[in-house]
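Numbering (the working numbering), first residue to last: 435 to 566.
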């Protein structure tokens with residue numbers, strides 16, 4: 435475990451998030467950072483490196499729109515959100531995170547149904563959690 439490397443990553447993320455205007459791009463920046471942190475499997479390190487970005491993450495995951503990106507990318511975001519929820523380190527955000535997870539799951543299901551020809555895009559657009 436290379437703490438100085440993680441600290442450099444944290445600083446880079448902070449700077450990049452301050453420059454980034456797109457919520458989706460910001461979420462993917464966080465995803466990459468969190469992926470590296472979560473691989474450590476050390477809850478105290480995860481919590482310490484995640485805490486600073488927790489409110490931002492919750493806001494961004496709540497705004498996440500699955501339309502227009504590969505379903506596999508949406509699934510990666512969803513899987514990571516579930517991993518963070520399972521850690522139970524952000525007790526004050528559990529309800530919001532759980533709600534966002536359910537909405538993303540529903541959106542992914544709707545997109546997959548559309549891609550499989552089971553529904554039309556217009557039908558699923560009415561069921562998406564996000565407003566266009």
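Just so you know, even glycine gets a beta-carbon here, dropped at the ideal spot from N, CA and C.
Keep in mind that this is a model prediction, so the values were computed, not measured.
CB-CB under 8 Å to residue i, same chain, minus the five flanking residues each way: which ones, in chain order?
i	result
residue 480	471, 472, 474, 521 and 523
residue 465	510, 511 and 514
Within its chain, find whatever has a CB closer than 6 Å to the CB of residue i; leave out the 5 residues flanking it on each side and keep chain order.
i	result
residue 495	515 and 534
residue 530	492
residue 566	Low confidence applies to residue 566: its pLDDT is 46, below 50, so where it sits in the model is not reliable, and the reading given next is rough at best. Taken in chain order, the list of residues that qualify is empty.
Could you check how far apart the C-beta atoms of residue i and residue j are, in whole angstroms? I think they sit under 8 Å.
i	j	result
residue 460	residue 451	6 Å
residue 483	residue 519	That belief does not hold up - the Cβ atoms of residue 483 and residue 519 are roughly 17 Å apart, past 8 Å.
Cβ of residue i within 8 Å of Cβ of residue j?
i	j	result
residue 463	residue 454	yes
residue 517	residue 457	no
residue 505	residue 546	yes
residue 508	residue 542	yes
Pair every Cβ in the region 536 to 546 with every Cβ in the region 485 to 494, then say whether three or more of these pairs are closer than 8 Å.
-> no
Every unbroken alpha helix (DSSP H) within the region 464 to 540, with a cutoff of 4 residues, ordered by chain | DSSP runs (the alpha helix (DSSP H)) wholly in the region 464 to 540: 477 to 484, 488 to 497 and 505 to 521.
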